[in-house]
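Just so it is clear: in the sequence shown, position 46 is 28 by my numbering, and no numbers are missing.
We put the CB at the ideal spot given by N, CA and C, even for glycine.
One structure is given below, encoded as structure tokens.
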Amino acid sequence: MANHNQLVGEIINDRYKLESRIGGGSFGDVYIGHNIKTKDKVAVKLENTTNDHDLRLKIEYKVNQDLGDRNEFPVAKYYGHFKHYNVMVMELLGPSLEDLFHMCKRKFSLKTVLQIGKQMLSRIERMHKAGYIHRDIKPDNFAMGVEGADRHVVHVLDFGLAKRVKTVDNYHIKKVTGKKSVIGTARYTSINSHRGIEQSRRDDLESVGYTLVYFARGSLPWQGIRRSNNNAKYHEIFLKKDAITIEQLCEGLPRQFKNYFHHVYNLHFKEKPDYPMLHGLFDSMMAENGFKYDNVYEWEENKAYKNLIKPRLKNPPVTPPPPVNIPITIPEKKVPLKRKTKSQKKRDALAAGRPLKPKPKYICKADRARLGITTKTLPREQLKLYCI
């Protein structure tokens, strides 16, 4: 595909704006976008119609529609065309199981393997009941949710290779005897797919088993094979996959893993898998190891996980700025002075050692006439001057 940055900022169907590229492959690229009206985050898959490959996005959209609005599958919101691309807008999910596997240093705990394995089995069972086989089971095609309780839910995605295998309740898939090329990813595809045999429900479950062994052991025995071309490489993978025994494949794992592969390997082409029995294997492993289905996974406290999930949130958490200490001056409250009484003034003067101000003497009328003064009162000091 052309320069990915050229598409950032483009608006599709007058509603969905592309923000950044988050992945891609041989069939196209995936972008994070948002609905410019509601601000909801979405995933936008773009398939270049000028490339020389089978166009699969329309098939994927049709499968999404048939599976219905279930929380186990991403909801398809729009399908159309933009420039020379086929476009599908869908619900934005969290990181894939492959991304999380790398975050956890390429090894999941047994509890995590069992919890996600139980969910993976449920999703594929739902697909089979809806009349489809996936045909490309691998860690990249399972993703966790983003927010709330949905972040603990395993979603299956990427239905570009999915195939309709039944109408109503009758499987009409025909076993092809002619040689077919490998469909899916060679590392996880079934042995019969390597042989060129048409796939059915058993092949999906075989791929689920390989994926869980990969998670539990950190790798598969046929990884790391390098050849000059893909055909030679795929043939070498098939030879090793076909030769290895179940005991060798499941070495170091609980015995229920062996029971799983014994059941899947012995299924006939159209035979319905015993889903309840397979679910029971996971339940017995959980019980024997003292585990509970509590949706606690080791990646949730991983810093890389938090950084990866943050731009996918509808309302990313905002880190508040550090508090600023601004000194606040509180003005002193002015209390009105209370006027002192005469007795208080006298007590204050005595306490301070000040002489008391002499009290004026009242002079009667006869004395005023005799002394020749007009005021009715005089300070005692002045009064002494008149007293002869």
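Beta-carbon spacing of residue i, residue j below 8 Å
{"i": "residue 185", "j": "residue 174", "result": "yes"}
{"i": "residue 76", "j": "residue 237", "result": "no"}
{"i": "residue 193", "j": "residue 121", "result": "yes"}
{"i": "residue 4", "j": "residue 141", "result": "no"}
{"i": "residue 24", "j": "residue 59", "result": "yes"}
{"i": "residue 54", "j": "residue 135", "result": "yes"}
{"i": "residue 71", "j": "residue 26", "result": "yes"}
{"i": "residue 261", "j": "residue 100", "result": "yes"}
{"i": "residue 241", "j": "residue 263", "result": "yes"}
{"i": "residue 269", "j": "residue 216", "result": "no"}
{"i": "residue 204", "j": "residue 82", "result": "no"}
{"i": "residue 190", "j": "residue 92", "result": "no"}
{"i": "residue -11", "j": "residue 10", "result": "no"}
{"i": "residue 243", "j": "residue 228", "result": "yes"}
{"i": "residue 85", "j": "residue 279", "result": "no"}
{"i": "residue 0", "j": "residue 6", "result": "no"}
{"i": "residue 181", "j": "residue 115", "result": "yes"}
{"i": "residue 148", "j": "residue 113", "result": "yes"}
{"i": "residue 31", "j": "residue 61", "result": "no"}
{"i": "residue 118", "j": "residue 178", "result": "no"}
{"i": "residue 128", "j": "residue 49", "result": "no"}
{"i": "residue 259", "j": "residue 96", "result": "no"}
{"i": "residue 252", "j": "residue 176", "result": "no"}
{"i": "residue 195", "j": "residue 221", "result": "no"}
{"i": "residue 397", "j": "residue 247", "result": "Only positions -17 to 370 of the chain appear in this structure, which leaves residue 397 out of reach."}
{"i": "residue 380", "j": "residue 255", "result": "Nothing can be reported for residue 380, as the shown portion of the chain is limited to -17 through 370."}
Bridge-paired residues (DSSP) for residue i
{"i": "residue -6", "result": "-2"}
{"i": "residue 5", "result": "12"}
{"i": "residue 78", "result": "125"}
{"i": "residue 17", "result": "-2"}
N- and C-terminal bounds of the alpha helix (DSSP H) containing residue i
{"i": "residue 28", "result": "Note, residue 28: premise wrong, no alpha helix (DSSP H); beta strand (DSSP E) at 23 to 30."}
{"i": "residue 270", "result": "257 to 270"}
{"i": "residue 216", "result": "212 to 225"}
{"i": "residue 36", "result": "Per DSSP, residue 36 belongs to no alpha helix (DSSP H) and is neither H nor E."}
{"i": "residue 327", "result": "324 to 334"}
{"i": "residue 291", "result": "285 to 291"}
{"i": "residue 244", "result": "237 to 247"}
{"i": "residue 230", "result": "228 to 231"}
{"i": "residue 350", "result": "347 to 353"}
Residue range of the unbroken beta strand (DSSP E) whose run includes residue i
{"i": "residue 68", "result": "67 to 73"}
{"i": "residue 58", "result": "58 to 64"}
Expected contact under 8 Å - CB spacing of residue i and residue j to nearest Å
{"i": "residue 69", "j": "residue 37", "result": "Residue 69 to residue 37, Cβ: 12 Å. No contact."}
{"i": "residue 124", "j": "residue 137", "result": "7 Å"}
{"i": "residue 235", "j": "residue 198", "result": "6 Å"}
{"i": "residue 15", "j": "residue 43", "result": "About 16 Å; that fails the 8 Å criterion."}
{"i": "residue -6", "j": "residue 18", "result": "Not quite, the Cβ-Cβ distance comes to about 10 Å (not below 8 Å), so this is no contact."}
Below-8 Å beta-carbon distance, residue i vs any chain D residue
{"i": "residue 289", "result": "No chain D appears in the structure shown, which is made up of a single protein chain."}
Closer than 7 Å: residue i CB and nearest the ligand GTP heavy atom
{"i": "residue 113", "result": "Judged by which ligands are present, the structure shown has none, so any question about the ligand GTP falls away."}
Ranges of the beta strand (DSSP E) found wholly within the stretch 83 to 148, counting only runs of at least 3: Within the stretch 83 to 148, the complete beta strand (DSSP E) segments of 3 residues or longer fall at 124 to 126, 136 to 138, listed in chain order.
Alpha helix (DSSP H) runs contained entirely in the stretch 158 to 217, provided each spans 4 or more residues: DSSP runs (the alpha helix (DSSP H)) wholly in the stretch 158 to 217: 173 to 176, 183 to 199.
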